[in-house]
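Okay, so the sequence shown: first residue is 103 according to my numbering, each after it adds one.
Glycine residues also receive a C-beta, built at the ideal position from the N, C-alpha and C atoms.
The model shown is predicted, which means the values in this text are computed figures rather than measured ones.
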Amino acid sequence: MQLSSLKGKTALVTGSTSGIGLGIAKALAEQGINILFNGFGDLEEIKAIQASAEQDFQIKTAYHNADMSKPDEIAAMMQFAETTFGGVDIVVNNAGIQYVANIEDFPVEKWDAIIAINLTSGFHTTRLALPYMKKKNWGRIINIASVHGLVASAQKSAYVAAKHGLVGLTKTTALETAHTGITCNAICPGWVLTPLVQKQVDARAEKDHLSNDEAKKALVSEKQPSGEFVTPEQLGALAVFFCSEAASQIRGVAWNMDGGWVAQ
Ligand code: NAD
């Protein structure tokens, strides 16, 4: 279903060249929302993603390769958004990385990178997007946190700290915009089978001498009672709902879509 109120708006989706970000970008594009893509990857493949979104949904797209760990590159991307689209109405802070190790073995540079990309980048896009949103008195900021923004797992100290931080940033942003038409919410996915998770499947397969399918099943079932992965399409549909008028009084929530993970 297309929501007419969203057609012609512009969304920045960070880390939208792969996985969840790409799923959310496609779902927003389907609503007639122009998309500013961001993330790493093969330039020809990114151009093909843009071309198919433009053709399928009659929207405008652009791409900026800002490294989300670098504040000056984020600022350059927000400037680019202003000159290309006039500004961004919707920001989806999705870019993220993972690293798994016990705290005493956790490489300091990995900790710094995870905090910068998974948490601090959301502060920068938010602070730079808010003036335009306030001028329009409309905006949507959607932070892709994780169930790890609500509960912890061993060996994921930096990720869990960053995602809990992102949920905190979400609440503060929601309070500071509470009297405006801008909302800020977080989405907290459980396991989604993307390249980020495939690396953990591969590690599990190697450690326990399992096939790829056995390792996937073992990983999901351990935490997620449904035994099923969440999909990028399902997360895209939730992001579209957060952008709708029906969701205009949903403010500062951390909404899990996790096959029952945190209900336990
Ligand atoms: P992914 O690896 O498929 O995609 C990550 C995206 O971020 C890619 O587009 C990549 O190019 C981009 N990216 C990485 N580092 C970047 C940087 N420095 N600058 C710019 N872009 C960068 O991973 P995914 O699983 O789709 O994860 C997307 C988000 O969802 C992350 O924030 C992740 O923490 C979160 N998440 C994922 C899961 C899961 O099970 N896959 C669960 C909960 C939350």
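N-terminal and C-terminal residue of the alpha helix (DSSP H) that residue i is part of
i: P233; result: S223 to K238
i: F187; result: P173 to F187
i: A113; result: That residue, A113, is in no alpha helix (DSSP H); its beta strand (DSSP E) goes T112 to V115.
i: N314; result: N314 to K325
i: V342; result: P334 to C345
i: G267; result: S259 to E278
i: A305; result: P297 to D310
i: A131; result: G121 to A131
i: F159; result: L145 to F159
i: E211; result: V210 to I217
Candidates the options: closest to residue i by CA position
i: Q157; options: V253, G134, L252 and D207; result: G134
i: G361; options: C290, Q300, L277 and H226; result: C290
i: G189; options: K109, T275 and G241; result: G241
i: V194; options: A153, E206, V202 and M170; result: M170
i: E247; options: L271, L105 and A131; result: First, the residue type needs correcting, since residue 247 is Ala and not Glu in the sequence shown. Measuring from the Cα of A247, the nearest candidate turns out to be L271.
i: T186; options: Y201, E206, N196 and Y165; result: Y165
i: K325; options: A339, P173 and V249; result: V249
i: I148; options: G251, Y234 and N167; result: N167
i: S107; options: V342, M359 and W357; result: V342
i: T227; options: I161, T116 and G141; result: T116
i: I205; options: K319, I161 and V262; result: V262
i: N358; options: Q336, E347, S346 and A348; result: Q336
i: D214; options: N239, K172, H281 and Q366; result: K172
i: A280; options: L105, K238 and S350; result: S350
i: A218; options: A131, I161, L105 and E175; result: E175
i: K236; options: E278, Q200 and A356; result: E278
Proximity below 8 Å, CB of residue i to CB of residue j
i: F159; j: I151; result: no
i: L268; j: W293; result: no
i: L114; j: A183; result: yes
i: Q302; j: V202; result: yes
i: K273; j: G354; result: yes
i: T285; j: I352; result: yes
i: L221; j: A264; result: yes
i: A155; j: A339; result: no
i: M180; j: L230; result: yes
i: L105; j: S346; result: yes
Supposed close pair residue i, residue j - CB separation, criterion 8 Å
i: F344; j: N287; result: 5 Å
i: T163; j: N196; result: The Cβ separation is near 16 Å, so there is no contact.
i: S120; j: A127; result: Not confirmed; about 10 Å, so no contact.
i: L124; j: P334; result: 7 Å
i: T275; j: I244; result: With a Cβ gap of about 11 Å, T275 and I244 do not count as contacting.
i: F208; j: S259; result: 6 Å
i: A305; j: N314; result: No, A305 and N314 are not in contact; Cβ-Cβ is about 12 Å, not under 8 Å.
i: I192; j: K111; result: 6 Å
i: G251; j: H266; result: 5 Å
i: Q300; j: P327; result: Not really, about 22 Å apart at Cβ, beyond 8 Å.
Endpoints, the beta strand (DSSP E) within which residue i is located
i: L138; result: N136 to N140
i: H364; result: The sequence as given places Val at residue 364; His does not occur at that position. No beta strand (DSSP E) contains V364, which DSSP labels as neither H nor E.
i: I284; result: I284 to P291
i: R242; result: G241 to I246
i: V193; result: I192 to N195
i: A410; result: The structure shown has nothing for residue 410, since the chain only spans 103 to 366.
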